[in-house]
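Heads up: the structure comes next, in structure tokens.
2 protein chains.
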Amino acid sequence: MTDAISFQLEAVSGKARAATLRTPHGELRTPFFMPVGTVAAVKGLTPAMLREAGSQIVLANTYHLAVRPGEKLVDAFGGVAKFMGWHGPTLTDSGGFQAFSLAKIRKMDDAGVRFQNHFDGAELFLTPESAVEIQQLLGADMFMILDECPPANSSREKVAEAVGRTTRWAKRCFDAWSNREKQALFGIVQGGLFEDLRAESAEQIGEIGFPGNAIGGVSVGEDPAEMDRIVAHTAPLLPETKPRYLMGVGRPQDMLRAISHGVDMFDCVMPTRHARHAQAFTSSGTINLKNNCHREDESPLDPQCDCYACRTVSRGYLRHLFNVKEMLGPIYLSIHNIRFYHHLMEQARAAIIANRYDAFLREKLSGLES
Amino acid sequence: MTDAISFQLEAVSGKARAATLRTPHGELRTPFFMPVGTVAAVKGLTPAMLREAGSQIVLANTYHLAVRPGEKLVDAFGGVAKFMGWHGPTLTDSGGFQAFSLAKIRKMDDAGVRFQNHFDGAELFLTPESAVEIQQLLGADMFMILDECPPANSSREKVAEAVGRTTRWAKRCFDAWSNREKQALFGIVQGGLFEDLRAESAEQIGEIGFPGNAIGGVSVGEDPAEMDRIVAHTAPLLPETKPRYLMGVGRPQDMLRAISHGVDMFDCVMPTRHARHAQAFTSSGTINLKNNCHREDESPLDPQCDCYACRTVSRGYLRHLFNVKEMLGPIYLSIHNIRFYHHLMEQARAAIIANRYDAFLREKLSGLES
Numbered sequence: 076m077t078d079a080i081s082f083q084l085e086a087v088s089g090k091a092r093a094a095t096l097r098t099p100h101g102e103l104r105t106p107f108f109m110p111v112g113t114v115a116a117v118k119g120l121t122p123a124m125l126r127e128a129g130s131q132i133v134l135a136n137t138y139h140l141a142v143r144p145g146e147k148l149v150d151a152f153g154g155v156a157k158f159m160g161w162h163g164p165t166l167t168d169s170g171g172f173q174a175f176s177l178a179k180i181r182k183m184d185d186a187g188v189r190f191q192n193h194f195d196g197a198e199l200f201l202t203p204e205s206a207v208e209i210q211q212l213l214g215a216d217m218f219m220i221l222d223e224c225p226p227a228n229s230s231r232e233k234v235a236e237a238v239g240r241t242t243r244w245a246k247r248c249f250d251a252w253s254n255r256e257k258q259a260l261f262g263i264v265q266g267g268l269f270e271d272l273r274a275e276s277a278e279q280i281g282e283i284g285f286p287g288n289a290i291g292g293v294s295v296g297e298d299p300a301e302m303d304r305i306v307a308h309t310a311p312l313l314p315e316t317k318p319r320y321l322m323g324v325g326r327p328q329d330m331l332r333a334i335s336h337g338v339d340m341f342d343c344v345m346p347t348r349h350a351r352h353a354q355a356f357t358s359s360g361t362i363n364l365k366n367n368c369h370r371e372d373e374s375p376l377d378p379q380c381d382c383y384a385c386r387t388v389s390r391g392y393l394r395h396l397f398n399v400k401e402m403l404g405p406i407y408l409s410i411h412n413i414r415f416y417h418h419l420m421e422q423a424r425a426a427i428i429a430n431r432y433d434a435f436l437r438e439k440l441s442g443l444e445s
Numbered sequence: 076m077t078d079a080i081s082f083q084l085e086a087v088s089g090k091a092r093a094a095t096l097r098t099p100h101g102e103l104r105t106p107f108f109m110p111v112g113t114v115a116a117v118k119g120l121t122p123a124m125l126r127e128a129g130s131q132i133v134l135a136n137t138y139h140l141a142v143r144p145g146e147k148l149v150d151a152f153g154g155v156a157k158f159m160g161w162h163g164p165t166l167t168d169s170g171g172f173q174a175f176s177l178a179k180i181r182k183m184d185d186a187g188v189r190f191q192n193h194f195d196g197a198e199l200f201l202t203p204e205s206a207v208e209i210q211q212l213l214g215a216d217m218f219m220i221l222d223e224c225p226p227a228n229s230s231r232e233k234v235a236e237a238v239g240r241t242t243r244w245a246k247r248c249f250d251a252w253s254n255r256e257k258q259a260l261f262g263i264v265q266g267g268l269f270e271d272l273r274a275e276s277a278e279q280i281g282e283i284g285f286p287g288n289a290i291g292g293v294s295v296g297e298d299p300a301e302m303d304r305i306v307a308h309t310a311p312l313l314p315e316t317k318p319r320y321l322m323g324v325g326r327p328q329d330m331l332r333a334i335s336h337g338v339d340m341f342d343c344v345m346p347t348r349h350a351r352h353a354q355a356f357t358s359s360g361t362i363n364l365k366n367n368c369h370r371e372d373e374s375p376l377d378p379q380c381d382c383y384a385c386r387t388v389s390r391g392y393l394r395h396l397f398n399v400k401e402m403l404g405p406i407y408l409s410i411h412n413i414r415f416y417h418h419l420m421e422q423a424r425a426a427i428i429a430n431r432y433d434a435f436l437r438e439k440l441s442g443l444e445s
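Protein sequences, first through last, are from chains A and B.
Note that the working numbering numbers the first sequence so that position 170 is 245, with each residue one more than the last.
Note that the working numbering numbers the second sequence so that position 118 is 193, with each residue one more than the last.
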């Protein structure tokens with residue numbers, strides 16, 4: 076029985092890596108960013124628009140899909156990719172992060188997480204075993220263990236407990252995972268801002284032998300410098316021959332720094348969420364398209380961008396769309412922001428292959444943080 | 076000085092016509108439907124999506140653009156087509172219809188229509204001359220005279236007054252029209268449900284010598300059979316060598332009947348508005364994608380449709396999108412409904428060229444009204 080995925084390293088530049096990740100539904104060039112399609116839909120973008128923007132893979136959320144329309148229906152439609160008309164690889168999270176972000180509507184103990192769902196209050200009980208079962212029905216190429224993700228301000232004792240529980244759950248997920256040739260299960264490392272707990276978690280998770288590993292418990296309230304310290308410390312502790320995924324990050328500069336520490340995969344709602352709030356990413360920082368200063372501006376969002384929005388319309392037109400609350404405004408900005416993220420990853424890959432990632436990182440950061 | 080447009084009749088089938096309408100920004104095959112881009116944006120659809128759906132031309136609304144962002148700004152961006160990134164012909168209405176649909180916020184007399192606009196209550200004074208001036212700044216290939224459009228339940232006296240005023244305004248618009256080689260001005264016939272007043276109006280408007288003519292004052296509250304009677308009566312009274320435009324209609328069956336009376340051009344918000352309310356047009360009638368009966372349906376919206384939505388996703392997935400209120404639902408249905416309208420026009424044209432329009436009409440109506 077062969078594994079569902081394989082990971083072939085092609086170049087390194089310092090600790091930054093360029094690789095090819097093969098999945099049952101296609102090959103992925105690393106590093107890559109995954110647009111978030113929470114309910115099997117990236118907000119405002121069809122699969123054709125995603126493909127044109129350079130998306131290689133789409134992420135969907137287990138908790139949300141289990142609530143609506145239910146994993147059994149998604150399975151009946153042939154899995155999440157087929158359901159949404161996406162002809163390519165997919166990844167699902169486990170619901171562990173929703174146990175953090177929806178803390179008010181759940182109870183957690185060693186058995187699992189009991190949600191009263193956000194839609195109609197019905198119970199959803201996620202255990203390590205049910206999280207695997209649900210995700211096997213969703214049928215993504217890669218899926219995640221159930222983990223416990225404590226907030227950034229948690230005590231050392233609380234974080235140590237979460238590390239222990241995450242390891243116990245990781246083993247239960249690993250044992251419940253029954254279709255290894257079709258779907259690859261990823262482990263998740265916790266440990267908060269404590270370097271020794273991160274090391275302990277990385278060792279325990281790494282030993283289980285997942286085909287991929289993730290850094291979880293980041294972007295949960297800590298400041299970016301703290302997050303960078305933890306990623307720099309943790310990424311090199313994850314198995315070198317397997318893909319490394321930094322969950323829920325995020326800002327372009329944070330992703331670029333994480334790549335320099337050896338991270339390969341990212342996801343975040345930021346590009347599409349920002350787009351709906353008129354925030355566009357550009358090579359010289361973010362701009363707000365609601366601002367009146369763009370009213371007469373005939374230039375594109377970003378002269379360095381090749382996306383459909385930048386090829387088609389001006390800042391002045393986009394400002395008009397947000398001013399009159401037309402849905403095309405969020406659509407155009409979603410196209411642009413997603414393309415911006417993918418383009419950044421493509422540039423990062425090229426810089427790694429040219430073995431000049433550190434110089435590239437400095438150049439990009441000076442633009443993004445100017 | 077040559078006219079901005081030319082109209083070449085290519086085939087007739089009964090009174091139905093297939094022609095080519097040449098404009099400064101491209102050729103149009105008749106009969107055709109114009110998607111409504113009220114504020115220089117068709118809701119939810121980029122120009123590329125419109126083009127793929129078969130759109131030949133886009134309509135925009137003078138009243139709305141005059142309120143926001145203002146015709147001077149649109150002019151500074153090179154006109155409405157360039158502003159919205161649409162590389163093709165455009166048409167603007169005059170604001171006359173908004174004097175009907177926004178009757179509560181306007182006052183009308185022979186001088187013109189005084190609006191307190193819907194956005195901030197500022198005054199917008201549309202006169203025949205200012206309606207022309209604004210539309211010349213908007214720069215569409217075709218534009219409309221200011222007319223008075225009374226509701227369907229108006230008295231004969233009221234309708235006769237509107238006919239007289241529309242003719243007086245038509246002459247003032249014609250005189251104010253200064254760029255005849257760049258933009259073509261269309262006359263509008265009023266007369267409500269009174270056949271003699273329609274004939275009087277058609278004669279008066281026809282005599283002025285506009286390069287195109289429209290039937291206005293329909294779809295304002297009358298029932299479909301009444302409208303059809305008036306269109307059947309009025310269309311043949313409009314100059315045969317010029318394009319005929321039925322304003323604001325509408326339902327697929329109403330358009331198909333109007334074509335049989337000699338109408339060439341249509342516009343309506345229905346396909347995109349219905350899409351936002353989960354209503355899809357199909358060859359066997361409309362369906363509501365919110366209905367639970369579609370939950371497990373893996374078939375496309377319409378097996379006879381070649382649109383991107385029908386090629387990509389199922390009724391079950393679309394029902395899910397509306398169920399969870401994802402904006403992709405309205406986007407997919409807008410693509411489909413617009414394609415449905417254009418496909419209907421393409422089929423009508425083929426039937427006219429094959430000189431079998433009556434048979435085609437009967438077949439289509441039996442499906443649409445089944």
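By construction, the Cβ of each residue, glycine as well, lies at the ideal position given by its N, Cα and C atoms.
Out of the options, point me to the one whose CA is closest to residue i's CA.
i	options	result
residue 380 of chain A	A:329, A:127 and A:101	A:127
residue 91 of chain A	A:417, A:340, A:372 and A:378	A:340
residue 434 of chain B	B:332, B:159, B:307 and B:256	B:332
residue 200 of chain A	A:399, A:122, A:137 and A:366	A:137
residue 321 of chain A	A:116, A:190, A:100 and A:219	A:219
residue 188 of chain A	A:158, A:237 and A:149	A:237
residue 247 of chain B	B:226, B:156, B:221 and B:264	B:221
residue 113 of chain A	A:298, A:207 and A:323	A:323
residue 272 of chain B	B:124, B:249 and B:309	B:309
residue 166 of chain A	A:178, A:101, A:120 and A:205	A:101
What are the boundary residues of the beta strand (DSSP E) that residue i is part of?
i	result
residue 166 of chain B	165-167
residue 79 of chain B	Looking at the DSSP string, residue 79 of chain B is not in any beta strand (DSSP E), and its letter there is neither H nor E.
residue 262 of chain B	259-264
residue 120 of chain A	Counting along the chain, residue 120 of chain A falls outside any beta strand (DSSP E), and DSSP gives it neither H nor E.
residue 201 of chain B	198-201
Report buried or exposed for residue i, applying the criterion of at least 16 other Cβ atoms within 10 angstroms of its Cβ.
i	result
residue 84 of chain B	exposed
residue 316 of chain A	exposed
residue 162 of chain B	exposed
residue 429 of chain B	exposed
residue 77 of chain B	exposed
residue 95 of chain A	exposed
residue 118 of chain A	buried
residue 390 of chain A	buried
Just grab the DSSP bridge partners of residue i for me.
i	result
residue 342 of chain A	A:109
residue 379 of chain A	According to DSSP, residue 379 of chain A bridges with nothing at all.
residue 290 of chain A	A:264 and A:321
residue 363 of chain A	A:354
residue 189 of chain A	A:182 and A:200
residue 523 of chain A	Nothing can be reported for residue 523 of chain A: it is not among the residues displayed for chain A, which extend from 76 to 445.
Please tell me whether residue i and residue j are closer than 7 angstroms, where the distance is taken between their beta carbons.
i	j	result
residue 427 of chain B	residue 88 of chain B	yes
residue 260 of chain A	residue 335 of chain A	no
residue 144 of chain B	residue 395 of chain A	yes
residue 288 of chain A	residue 319 of chain A	yes
residue 164 of chain A	residue 132 of chain A	yes
residue 290 of chain B	residue 262 of chain B	no
residue 346 of chain B	residue 305 of chain B	no
residue 350 of chain B	residue 405 of chain B	yes
residue 382 of chain B	residue 352 of chain B	no
Which residues mark the beginning and the end of the alpha helix (DSSP H) in which residue i is found?
i	result
residue 184 of chain B	From DSSP, residue 184 of chain B is part of no alpha helix (DSSP H) but of the beta strand (DSSP E) over 181-184.
residue 175 of chain A	171-176
residue 412 of chain A	403-428
residue 440 of chain B	432-443
residue 238 of chain A	231-251
residue 151 of chain A	146-151
residue 283 of chain B	270-283
residue 62 of chain A	Past the boundaries of the shown model lies residue 62 of chain A; chain A is included only from 76 to 445, so the question cannot be answered.
residue 142 of chain A	137-142
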